[in-house]
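Heads up, the thing below is written out as structure tokens.
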Amino acid sequence: MKEAADEAVDEAVDVVVLGSGAAGLVAAIAAADAGASVALFEKSDLVGGTSAMSGGVIWMPNNHHQGGSGIDDSREKALAYLESLSLGQIDSDMAATFVDTGPEVLRYLEERTPCGFRLIATYPDYHPEHPGGLPSGGRSLDNELFAFTELGEWADRVRNHRGTAPLMLIETPLGGATSMPEGAVIGERIKAKQNGMGLGLVGALLRGALDRGIEPEMGARARHLVVTEGRVTGVALETPSGQRTVSARQGVIIATGGFEWNEELVRTFLRGPMTGPAGSPDNTGDGLEMAMAVGARLGNMRNAWWVPVARVPGEEVWGKPHVHLILLERTRPRSIMVNGQGVRFTNEAGNYNAMGGSFHAFDPSKFEYPNQPCWLIFDHEHKRRYDVAGCPPGDQAPDWMTTADTIEDLASKLGLDPEVVVATVTRFNEHAAKGQDPDFGRGESAYDTFNGDQTLPGVEATLQPLDVGPFHAIAVESGALGTNGGPKTDTRCRVLSSHGGVIPGLYAAGNAMAAPTGMVYGGAGGTLGPAMTFGYIAGREAAAG
Ligand SMILES: Cc1cc2nc3c(=O)[nH]c(=O)nc-3n(C[C@H](O)[C@H](O)[C@H](O)COP(=O)(O)OP(=O)(O)OC[C@H]3O[C@@H](n4cnc5c(N)ncnc54)[C@H](O)[C@@H]3O)c2cc1C
306 MKEAADEAVD
316 EAVDVVVLGS
326 GAAGLVAAIA
336 AADAGASVAL
346 FEKSDLVGGT
356 SAMSGGVIWM
366 PNNHHQGGSG
376 IDDSREKALA
386 YLESLSLGQI
396 DSDMAATFVD
406 TGPEVLRYLE
416 ERTPCGFRLI
426 ATYPDYHPEH
436 PGGLPSGGRS
446 LDNELFAFTE
456 LGEWADRVRN
466 HRGTAPLMLI
476 ETPLGGATSM
486 PEGAVIGERI
496 KAKQNGMGLG
506 LVGALLRGAL
516 DRGIEPEMGA
526 RARHLVVTEG
536 RVTGVALETP
546 SGQRTVSARQ
556 GVIIATGGFE
566 WNEELVRTFL
576 RGPMTGPAGS
586 PDNTGDGLEM
596 AMAVGARLGN
606 MRNAWWVPVA
616 RVPGEEVWGK
626 PHVHLILLER
636 TRPRSIMVNG
646 QGVRFTNEAG
656 NYNAMGGSFH
666 AFDPSKFEYP
676 NQPCWLIFDH
686 EHKRRYDVAG
696 CPPGDQAPDW
706 MTTADTIEDL
716 ASKLGLDPEV
726 VVATVTRFNE
736 HAAKGQDPDF
746 GRGESAYDTF
756 NGDQTLPGVE
766 ATLQPLDVGP
776 FHAIAVESGA
786 LGTNGGPKTD
796 TRCRVLSSHG
806 GVIPGLYAAG
816 NAMAAPTGMV
826 YGGAGGTLGP
836 AMTFGYIAGR
846 EAAAG
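Here you go:
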């Protein structure tokens, strides 16, 4: 912690925002609209953090887009749903604040920025059969396409690992589509630099910030908070032109994302193995370390937004190993996951975040995590029909996949007991042929079939036997979209002090804060919904000082 007397202050604004992901951009916009002068600092040379790499889907219960579509949602239902999943981890005041404020944030962004949202009408919640869950969807929203021509020179300064994203999520299999727009339509969109998903969201929010005169300062890494008589009054930055201190008259908002790329913090805090961070590599927990240094109380530190991932040898992005999210691969028919003992260990079609728990199961006798890593095994018909970890559908199996003519030989190549794996596949196949999974209930939840092959009827969308050789396998490991533990806040996003009360002048939002929904990913968009809601609250509260 630095006392102000140590620092030569180079400039002063009302509100300093650290980080230009969705949480930081919404915070900056909201603070400016509340009358504050705002400075936004971004460590990277690119705007947008993991938010720009994301699907951009936003989970907002009880939102105004539900109107007239027969969706039976309410504040009470949403709160009952979160409470049913809380396992004692969710602060009910934080949950109520999220549910009550989220819809206002959507309207506000639609009215005051170029953001546009559209219901993904059929996307079920991630635990749709829980009390208050919506099996037919209604809480997940997609982004309208946003033309990057609107961003001028900023168009090339947004974090973008795809090159172009000319689709909305509802036009892809992840959003439930069974066919894509025609090539000519996509071509027109590329020409017009129209992007959807996380790129579209960040592009529109960035435009909103620029329209308010807020130009993110790039390559500016916040290193520590300045404290004057117990109040956070500024931040010291490392910039390409040297160290600088900026004073914040009203408040500093930490929106620096999670700590998923900081191996030491991952080892220290997370409840189990996490070997595949999937988001922006600049998320190294700087916000967490700054908050700890000024005595912040911490919360939700064991958790992350878990996701199974796979690596393709040699693939890198921004100098770090690139991981593929394994979502549809394990949900579509003719594939299963087996662990190091050659047996299934979970409903493969379950949601990725809750599945983190399966990867963290511990065998006390062997003193090991038997499910980490595991193997995705699929038959050739699956390979022929579907994309697997970025390998397009077709007959040709790349050399990074393990392939064999029989399940027995495949197991041997993987170093697994062939007898056990053959028995596992035989049992799965017998039941899958009847549309059943008595072991793990795959196909029973509305969620399981949504991300399956929607061209197939009923549970066949996820359950069919693996019976066409050759057979293939890839390794799957425990990854994270981001971590979600950090400084604990009150409902006004004020960071709480380990000595009691709040730390005056300090706010947190997004993955940098202790997640308001605990370990719960309510539905598609379950991280961005809260991140944007609490970014909005943090911006307004900081502006009010
Ligand atoms: C492939 C993928 C798809 C996803 N899809 C979805 C989805 O559809 N819906 C959903 O809800 N969630 C999704 N997620 C998760 C979601 O993207 C994140 O949870 C969310 O973007 C976090 O937002 P944030 O603003 O808190 O952090 P980020 O967007 O990561 O932004 C944090 C920013 O802070 C900057 N920063 C870090 N340290 C400093 C510092 N010291 N000083 C200044 N700046 C700093 C970082 O460089 C970064 O730009 C997805 C994640 C991935 C990887």
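Going by this note's numbering, the residue at position 452 of the sequence shown is 757; the numbering climbs one at a time, nothing skipped.
Idealized CB from N, CA, C, for every residue including glycine.
Values in this document were obtained by computation on a predicted structure and should not be read as measured data.
Looking at C-alpha atoms only, which residue of Glu-520, Met-579, Gln-555, Gly-556 is the closest neighbour of Ala-566?
Note that residue 566 is Trp in the sequence shown, not Ala. Ranking Glu-520, Met-579, Gln-555, Gly-556 by Cα distance to Trp-566 puts Met-579 first.
Could you check how far apart the C-beta atoms of Glu-634 and Leu-681 are, in whole angstroms? I think they sit under 8 Å.
Right, the Cβ-Cβ distance comes to about 6 Å (below 8 Å), so this counts as a contact.
Write down every uninterrupted run of the alpha helix (DSSP H) in the segment 588 to 617 whose length is 4 residues or greater and which is fully enclosed by it, in chain order.
591 to 598, all fully within the segment 588 to 617.
Helix, strand or coil: which one does DSSP assign to Glu-565?
Coil.
DSSP beta-bridge partners of Ala-527:
The partner list for Ala-527 (beta bridge, DSSP) reads Leu-542.
Count the other CB atoms, across all protein chains shown, that sit within 10 Å of the CB of Leu-392; report buried if there are 16 or more and exposed otherwise.
Leu-392 sits exposed, since fewer than 16 C-beta atoms from the chains shown fall within 10 Å of its C-beta.
According to DSSP, is His-777 part of a helix, a strand, or is it coil?
In the displayed model, His-777 falls within a strand according to three-state DSSP.
Residues bridged to Ile-495 [DSSP beta-bridge criterion]:
For Ile-495, which the question treats as bridged, DSSP gives no partner whatsoever.
Our contact map puts Glu-455 next to Arg-512 with C-beta atoms below 8 Å; I'd like the distance itself, whole angstroms only.
5 Å between Cβ atoms; contact.
Pro-743: buried (16+ other C-beta within 10 angstroms of its C-beta) or exposed?
The residue is exposed, with fewer than 16 neighbouring Cβ atoms inside 10 Å.
Nearer than 7 Å: is that true of the beta carbon of Ala-588 relative to any heavy atom of ligand 1?
Note that residue 588 is Asn in the sequence shown here, rather than Ala. Yes, Cβ of Asn-588 sits closer than 7 Å to a heavy atom of ligand 1.
In the structure shown, what three-state DSSP assignment does Ala-463 receive?
This sequence places Val at residue 463; Ala is not what is there. Three-state result, Val-463: strand.
Excluding sequence positions up to five away, which residues of its chain have a Cβ less than 7 Å from the Cβ of Gly-326?
Only residues of its own chain outside the window of five on either side were considered, and among them Gly-353, Gly-354, Thr-355, Ser-356, Ala-560, Gly-562, Gly-815 have a CB closer than 7 Å to the CB of Gly-326, listed in chain order.
So what does Ser-783 bridge to, in DSSP terms?
Looking at the DSSP assignment, Ser-783 forms a beta bridge with Pro-613.
Run of the beta strand (DSSP E) containing Arg-549, from where it starts to where it stops:
Residues 547 to 559.
Kindly identify the DSSP beta-bridge partner or partners of Met-642.
DSSP, once it has assigned bridges, lists Leu-681 as partnering Met-642.
Among the residues of its own chain, which have a CB less than 6 Å from the CB of Met-837, if the five just before and after it don't count?
Non-local C-beta neighbours of Met-837 in its own chain, meaning closer than 6 Å and more than five positions away in sequence, comprise Ala-327, Val-331, Val-410, ordered along the chain.
Residue range of the alpha helix (DSSP H) that includes Lys-882
Only positions 306 to 850 of the chain appear in the structure, and residue 882 is not among them; the question remains open.
Do Ala-560 and ligand 1 come close, with the Cβ less than 7 Å from some heavy atom?
Answer for Ala-560: yes, Cβ within range of ligand 1.
Is Thr-573 buried or exposed, if buried means 16 or more other CB atoms sit within 10 Å of its CB?
Looking at its Cβ environment, which holds fewer than 16 other Cβ atoms inside 10 Å, Thr-573 is exposed.
Can you round the beta-carbon distance between Thr-636 and Gly-757 to whole angstroms, since I take them to be within the 8 Å contact cut?
About 5 Å separates the two Cβ atoms, so the contact holds.
Where Leu-715 falls: helix, strand or coil (DSSP):
Looking at Leu-715 - three-state DSSP - the assignment turns out to be helix.
Ligand 1 and Ala-583: does any heavy atom of the ligand fall closer than 7 Å to the residue's C-beta?
Indeed, a heavy atom of ligand 1 lies less than 7 Å from the Cβ.
Less than 6 Å between C-beta atoms, sequence neighbours within five positions excluded: which residues of the same chain meet that for Ala-716?
Excluding positions up to five away in sequence, the list reads Pro-723, Val-726.
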